[in-house]
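Peer 1:
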Amino acid sequence: MVFYRRVGSVPPKRHTQHRDEDGRLYYEELMGEEGFSSDSSLLYHRHIPTAIVDATEWELPDQTFTPNHPLVPRHLRLHDLPHDDVRTDAVTGRRVLLGNADVRLSYVVAAEESPLYRNAIGDELVYLESGEARIETVFGPLEARSGDYVLIPMSTTHLWIPAGAEPLRAFVIEATGHITPPKRYLSRYGQLLEHAPYCERDLHGPDDLLTAAEPEVEVLVRHRTAAGVVGTRLVYQQHPFDVVGWDGCLYPYTFNVADFEPITGRVHQPPPAHQVFEGTGFVVCNFVPRKVDYHPLSIPVPYYHSNVDSDEVIFYVAGDYEARKGSGIGPGSVSVHPGGCAHGPQPGAYERSIGVDYFDELAVMVDTFRPLGLGEGARACEDHAYAWTWSGRGPAR
Numbered sequence: 004m005v006f007y008r009r010v011g012s013v014p015p016k017r018h019t020q021h022r023d024e025d026g027r028l029y030y031e032e033l034m035g036e037e038g039f040s041s042d043s044s045l046l047y048h049r050h051i052p053t054a055i056v057d058a059t060e061w062e063l064p065d066q067t068f069t070p071n072h073p074l075v076p077r078h079l080r081l082h083d084l085p086h087d088d089v090r091t092d093a094v095t096g097r098r099v100l101l102g103n104a105d106v107r108l109s110y111v112v113a114a115e116e117s118p119l120y121r122n123a124i125g126d127e128l129v130y131l132e133s134g135e136a137r138i139e140t141v142f143g144p145l146e147a148r149s150g151d152y153v154l155i156p157m158s159t160t161h162l163w164i165p166a167g168a169e170p171l172r173a174f175v176i177e178a179t180g181h182i183t184p185p186k187r188y189l190s191r192y193g194q195l196l197e198h199a200p201y202c203e204r205d206l207h208g209p210d211d212l213l214t215a216a217e218p219e220v221e222v223l224v225r226h227r228t229a230a231g232v233v234g235t236r237l238v239y240q241q242h243p244f245d246v247v248g249w250d251g252c253l254y255p256y257t258f259n260v261a262d263f264e265p266i267t268g269r270v271h272q273p274p275p276a277h278q279v280f281e282g283t284g285f286v287v288c289n290f291v292p293r294k295v296d297y298h299p300l301s302i303p304v305p306y307y308h309s310n311v312d313s314d315e316v317i318f319y320v321a322g323d324y325e326a327r328k329g330s331g332i333g334p335g336s337v338s339v340h341p342g343g344c345a346h347g348p349q350p351g352a353y354e355r356s357i358g359v360d361y362f363d364e365l366a367v368m369v370d371t372f373r374p375l376g377l378g379e380g381a382r383a384c385e386d387h388a389y390a391w392t393w394s395g396r397g398p399a400r
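Structure below.
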């Protein structure tokens, strides 16, 4: 995170005694990134935060990925993704769509409260397509609504509680490292600069604390071993939501896509103009409602382009996608345009866009710099006709 925050009771000096009204010591926990040489926070617990009483295996859902071979662009219809039971939760109900060694993309429809959960592999960035949720964390609660990104730092214990009448729908980006604002938006000291499309006022962290006194509570942990990604069920002697205060620059927060100020120009702006976050091996961009190109000879839809270093994934959330008309893509779709294939507007869209001055569209894009494999969720909802929509004909076989 890029700026300091303080909630609850902390001592005047870090790493010094902090006691309750009866003289009992609180237990200080330093939660820090990159070997405590990057962002960190100090949390003060009523109980010893390391006291576990049991550990068993948590069997994760299918984690395998199928190569995109033969190489074709793909269309996933997430709203057609079968959900045997929507009375599921935002952690265990995730359907894996795409992934590589740097990032895993999932989709979830959830109506139930999740278990306590901790991702020990990387930060999680959850985009709420629809619905509302309360996210309870060791740092305190967050309230999230449709259009919010929810950034959960690595190893943050938390749970999800859907809050609306309808199930929560969310697009989940799980890193194998940290997710941050792009470096070009930051000063050398970490402040968001004037040319950035959002600022610290748009980021909303916890303001309150949670108090839970239940003994022997279970926390699901997703983590790595030499053999790969696995899950463990840890049982803690005391509930981890026992923090009386914390301060620092590492904590969960929300950011609503409506607070992203689009960068526009006289001619079509390249994808980096839409960037909102970056992680190791990938970037995240927004396409939001905006005025478009105002050069008298401009062509507002994207030019045909080849991502020579990356695979491009776009999750279409809402609006009218001018460049995609005729492809079958609409709200709830995910397009996958792999490196090695040129892609761009559907036939006719290039010409129809001339003279258009506004795009009403909302989408989340993830560009990865290593090839993505197809997860079980992608295989269950793929539109196999998409690759041939530019030519109007399928393979000769």
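Be aware that the sequence shown starts at 4, since it is given in the working numbering, and climbs by one per residue.
Where is the CB? At the ideal position from N, CA and C, for every residue including glycine.
1) Expressed to the nearest angstrom, what Euclidean distance is found between the alpha-carbon atoms of Leu-253 and Phe-174?
2) Extract the residue ranges of the alpha helix (DSSP H) inside the segment 191–262, only unbroken runs of 4 or more that lie entirely within it.
3) Which residue marks the beginning of the alpha helix (DSSP H) containing Arg-355, and which one marks its end?
4) Out of curiosity, what's the CA-to-CA distance linking His-308 and Tyr-389?
5) Our contact map puts Gly-378 next to Arg-80 with C-beta atoms below 8 Å; I'd like the distance itself, whole angstroms only.
6) Looking only at its own chain, which residues have a Cβ that is under 6 Å from the Cβ of Val-220, when we skip the five neighbours before and after it?
7) State the Cα-Cα distance for the pair Leu-171 and Arg-98, rounded to the nearest angstrom.
8) Can you find the residues in the same chain that come closer than 7 Å, C-beta to C-beta, to Val-295, ignoring five residues on each side of it along the sequence?
9) Under the DSSP definition of a beta bridge, which residues are partnered with Lys-294?
10) Using the Cα positions of Pro-70 and Arg-373, report the straight-line distance between them to the nearest angstrom.
11) Pull up the DSSP beta-bridge partners for Cys-384, would you.
12) Compute the beta-carbon to beta-carbon distance between Gly-376 and Leu-101, rounded to the nearest angstrom, for a pair I have assumed lies under 8 Å.
13) With three or more C-beta pairs closer than 8 Å as the rule, is the segment 159–171 touching the segment 130–145?
14) Could you tell me the boundaries of the beta strand (DSSP E) in which Glu-177 lies?
15) What's the C-alpha gap between Asp-126 and Ile-176?
16) So Pro-144 is in the beta strand (DSSP E); what residue range does that whole segment cover?
17) Checking 7 Å against the spacing of the C-beta atoms, do Asp-314 and Thr-371 come in under that value?
18) Shortest alpha-carbon distance to Ala-3 belongs to which of Ser-133, Asp-210, Gly-231 and Ser-301?
19) Need the endpoints of the beta strand (DSSP E) that Phe-372 sits in, please.
20) Give me the DSSP bridge partner(s) of Cys-288.
21) Please determine if the segment 220–236 and the segment 270–289 are in contact, where contact requires at least 3 C-beta pairs separated by less than 8 Å.
22) Going by alpha carbons, who is nearest to Asn-289 out of Tyr-256, Met-368 and Gly-329?
23) Could you give the DSSP three-state label for Leu-63: helix, strand or coil?
24) Would you kindly work out how many angstroms separate the C-alpha atoms of Ile-182 and Pro-14, rounded to a whole number?
25) Which word fits Gln-20, buried or exposed, when buried means at least 16 other C-beta atoms lie within 10 angstroms of its C-beta?
26) Just to confirm, is the Cβ distance from Phe-142 to Pro-52 under 7 Å?
27) Measuring CA to CA, which of Ala-199, Leu-300, Phe-258 and Gly-96 is closest to Pro-64?
28) Looking only at C-alpha atoms, which of Leu-189, Glu-115, Ser-301 and Pro-185 sits nearest to His-271?
29) On a Cα-Cα basis, can you pick out the residue from Glu-116, His-78, Ile-155 and Ser-117 that is closest to Tyr-130?
30) Where Ala-54 and Gly-333 are concerned, what is the direct C-alpha to C-alpha distance, given to the nearest angstrom?
31) So which of Ala-147, Asn-310 and Lys-328 has the shortest CA-CA distance to Phe-258?
32) Return the CA-CA distance between Asp-205 and Lys-186, expressed in angstroms with no decimal places.
33) Which stretch, first to last residue, makes up the beta strand (DSSP E) that contains Met-34?
34) Using a Cβ-Cβ cutoff of less than 6 Å, which residues in the same chain neighbour Gly-397 once the five nearest sequence positions on both sides are dropped?
35) Is Glu-115 near Arg-90, with beta carbons less than 7 Å apart?
36) Tyr-297: buried (16+ other C-beta within 10 angstroms of its C-beta) or exposed?
Peer 2: This is what the structure gives:
1) 23 Å
2) none
3) 352–355
4) 18 Å
5) About 15 Å; that fails the 8 Å criterion.
6) Tyr-239 and His-242
7) 14 Å
8) Thr-267, Pro-303, Val-359, Asp-360, Tyr-361 and Phe-362
9) Tyr-361
10) 12 Å
11) Its beta-bridge partners do not exist; DSSP assigns none.
12) 7 Å
13) yes
14) 171–178
15) 8 Å
16) 143–147
17) yes
18) Limits of the chain in this structure are 4 at one end and 400 at the other, which puts residue 3 out of reach.
19) Phe-372 -> no beta strand (DSSP E), and no H or E assigned at all.
20) Gln-278 and Met-368
21) no
22) Met-368
23) coil
24) 30 Å
25) exposed
26) no
27) Gly-96
28) Ser-301
29) Ile-155
30) 49 Å
31) Ala-147
32) 17 Å
33) 30–35
34) Trp-391
35) yes
36) exposed
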